[in-house]
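Numbering (full-length UniProt numbering), first residue to last: 1 to 322. The beta carbon of each residue, even a glycine, is placed where N, CA and C say it ideally should be. Bear in mind the structure is a predicted one, so any value in this text is a computation, not a measurement.
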């Protein structure tokens, strides 16, 4: 028979064991079996404050509340999420690069650096008073102080740049300070404009990488269904140093406004896109390479009026530089 003291001792042992067991269970943390997220690439590769950036990777949460995106220590809100992509707006940071991380389902990804571009923007919508056709003898240039008429005549009509002079190959260039179309070594450019070309074989288009001599440049022009991307030599127009696109494309018609976008982040590697601004449909997109490229330089507008009358219009000029 157990004595009273022995009974008390047994009870204490049992109670102590039970309490220890409960305490151990209380301290046990739930296991997080979620996979570790991983950042693979950015699209675009470089981006500036205010740009949409897509972070491509693996094992992101499809629940926006379970993703925390940081640029250095700045937390940003996801615009859209999937398990392989998160889209955000790049925050306003003054540094040249930022380390991007994603914390998904309680686990943090690798850190991947994003080069932050400081973009210079140049724009002209030509929304000002009409100006009759003028050439380069009229000074100062009434079309705009930063525009240089190299040859031919241009006017301002109904908030557009226009020309009606036939039988002349003509162009003008944008000579604003700091407008230098560099590509590569952390530089890139995007040049956009609208072009409308009348029929009868007349050409209209855009110039880019125009060098200081006003003769060497690239020319993207259209006439009916024809699209050409040409490079001039030291003698200017007609001295074709390279013909990179020269073909007919279905869907192109006369008297139709096209949106032209030309961009490059690598010297000699140029992407051209022509689209329909009414539908946003892409009509032509192609990347070409030039082993001996022009670098720097400025953009401009070009026309060659073969028909009579000539009705060629340019609008919504935009140049972005890094």
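Would you mind working out which of 202, 227, 306, 114 sits nearest residue 95, comparing C-alpha positions? 114
Rounding to the nearest angstrom, what Cα-Cα distance links residue 108 and residue 37 in this structure? 6 Å
If residue 258 sits next to residue 161, beta carbons under 8 Å apart, how far is it from one beta carbon to the other, in whole angstroms? That belief does not hold up - the Cβ atoms of residue 258 and residue 161 are roughly 15 Å apart, past 8 Å.
For residue 204, count neighbouring Cβ atoms within 10 angstroms of its own Cβ and tell me buried if that reaches 16, exposed if not. buried
Going along the chain, which residues of its own chain have a beta-carbon closer than 6 Å to the beta-carbon of residue 194, five neighbours each way excluded? 257, 259, 315, 316
Give the DSSP bridge partners of residue 38, in chain order. 58
Unbroken stretches of the beta strand (DSSP E), 3 residues or longer, contained in the stretch 139 to 195: 147 to 151, 154 to 157, 160 to 163, 169 to 174
Starting from residue 82, follow the beta strand (DSSP E) in both directions and report where the run begins and ends. From DSSP, residue 82 is part of no beta strand (DSSP E); its letter is neither H nor E.
Under the three-state DSSP convention, the category residue 64 falls into: helix
Assess, as a yes-or-no matter, whether the stretch 70 to 85 is touched by the stretch 48 to 60 under the definition of 3 or more beta carbon pairs within less than 8 Å. yes
In this structure, what does DSSP give as the bridge partners for residue 295? None, per the DSSP bridge assignment.
Bounding residues of the beta strand (DSSP E) (the contiguous stretch that carries residue 104): 97 to 104
Rounded to the nearest angstrom, what separates residue 110 and residue 322 at their Cα positions? 27 Å
DSSP three-state label for residue 118, please. coil
Output the distance between the C-alpha atoms of residue 255 and residue 98, rounded to the nearest integer angstrom. 46 Å
State the start and end residues of the unbroken beta strand (DSSP E) segment that holds residue 241. 236 to 248
Hey, residue 303 and residue 209: beta-carbon distance below 8 Å or not? no
Would you identify the three-state DSSP class for residue 33, choosing helix, strand or coil? coil
Length of the line joining the Cα atoms of residue 175 and residue 192: 16 Å
Tell me residue 289's beta-bridge partners as DSSP assigns them. 269
Mapping DSSP to helix, strand and coil, what is residue 306? coil
With a threshold of 16 other CB atoms inside 10 Å of the CB of residue 270, please say whether the residue is buried or exposed. buried
Going by DSSP, what residue range makes up the beta strand (DSSP E) through residue 201? Looking at the DSSP string, residue 201 is not in any beta strand (DSSP E), and its letter there is neither H nor E.
Quick one: grab the DSSP three-state call for residue 43. strand
Considering only residues of the same chain and omitting the five flanking positions on each side of residue 1, which have a CB-CB separation below 8 Å? Interpretation of residue 1 is limited by its pLDDT of 48, a score under 50 that renders its predicted location unreliable; the figure taken from the coordinates is listed afterwards. So no residue of the chain qualifies.
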